[in-house]
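Notes for the one structure printed next.
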Amino acid sequence: MNNPIAKTANRCSWCLSDPLYISYHDHEWGKPIYDDQRLFAQLCLESMQSGLSWITILKKRDNYYRAFDEFDAIKIAQYDQAKIEALMQNTDIIRHLGKINAIINNAKAYLAITEHQSFSDYLWGMTTPDGKPIINHPKTLADIPTQNEVSARLAKALKQQGFKFIGSTTCYAFMQAVGMVNDHLVDCDFH
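Here the sequence shown stands for residues -16 to 174, numbered as in our numbering.
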């Protein structure tokens, strides 16, 4: 059987340190997502990553899905103090009270947006005028920004909607992860 990870491929060098990272790079990173719930989940995970490496969150991603009810915003918005305390005792996730509270808060903000429009339309409409990914052409990792005008605008808009733990850098990483921007290196087979 063909194993796409085992075959030799040109990849972005940032992903080469771990097989999980390689799989994420090859099958997820930079691939457009338009599903509201998946976008919400990814935004939550990106906010948990703030100040940490992405591989740390990636290794715990399944634990986050279990701990946060598969990122069901309706359930998360109803979390009470007992649930927060249980999450703070959960050694399978990063136990950061501010970030946990932000996810609960952000579930409520997400639900408020989705009363009027899809989260996907909201996010993609703010980042690209035609709903298509921004294709960059970085030659080296140094050419890849950590934020830009669009991520700053998105962060500001999300904060105005009540989102927490969402800055320009977090929004840019989110945009890369969900395919709003393609920052694969030009010599990467996935560019």
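Glycine residues also receive a C-beta, built at the ideal position from the N, C-alpha and C atoms.
Can you check which of these residues, the options, is closest to residue i by C-alpha distance?
| i | options | result |
| --- | --- | --- |
| I40 | D52, Q25 and E53 | Q25 |
| D126 | F23, F157 and N165 | N165 |
| D9 | D18, Y17, C(-2) and I16 | C(-2) |
| L94 | W12, M109 and Q61 | Q61 |
| A156 | Y17, S33 and S(-4) | S33 |
| F23 | K115, K139, I118 and E53 | E53 |
| I67 | I5, A56, I57 and F51 | F51 |
| T152 | S30, A56, E11 and A(-8) | S30 |
| N73 | I96, F102, D55 and K43 | K43 |
| L168 | K142, P121, A140 and A135 | P121 |
| N89 | A140, H174 and L35 | A140 |
| R49 | I5, A69 and Y17 | A69 |
| Y17 | I77, Q100 and D170 | Q100 |
In this structure, how does DSSP classify residue i when only helix, strand and coil are distinguished?
| i | result |
| --- | --- |
| V161 | coil |
| I96 | helix |
| A(-11) | The predicted model places A(-11) with a pLDDT of 44, which falls under 50 and marks its position as unreliable; any figure quoted below should be read in that light. Reduced to three states, the DSSP call for A(-11) is coil. |
| D75 | coil |
| N89 | helix |
| N84 | helix |
| P2 | helix |
| G13 | coil |
| H8 | helix |
| S36 | coil |
| N20 | The sequence shown places Gln at residue 20, rather than the Asn named in the question. Residue state, collapsed to three classes: helix. |
| C171 | coil |
| M(-16) | Any reading at M(-16) is ruled out, since the residue's pLDDT is 42, under 50, leaving its predicted position unreliable. |
| Y62 | coil |
| C27 | helix |
| T110 | helix |
| K122 | coil |
| N46 | helix |
| K139 | helix |
Round the Cβ separation of residue i and residue j to the nearest angstrom and send it over; I've been treating them as touching at under 8 Å.
| i | j | result |
| --- | --- | --- |
| I38 | D1 | 6 Å |
| M109 | L137 | 5 Å |
| Q144 | A92 | 5 Å |
| G13 | Q159 | 6 Å |
| L106 | S(-4) | So it is not a contact: roughly 28 Å between Cβ atoms. |
| D172 | A(-8) | 5 Å |
| I117 | M163 | 7 Å |
| V161 | P15 | 7 Å |
| L28 | Y7 | The pair is not a contact, with the Cβ atoms about 11 Å apart (cut-off 8 Å). |
Using the DSSP secondary-structure output, state which residues sit across from residue i in a beta bridge.
| i | result |
| --- | --- |
| I117 | V164 |
- Should the segment 79 to 92 be regarded as contacting the segment 144 to 153, the criterion being three or more beta carbon pairs within less than 8 Å? A contact exists between the segment 79 to 92 and the segment 144 to 153.
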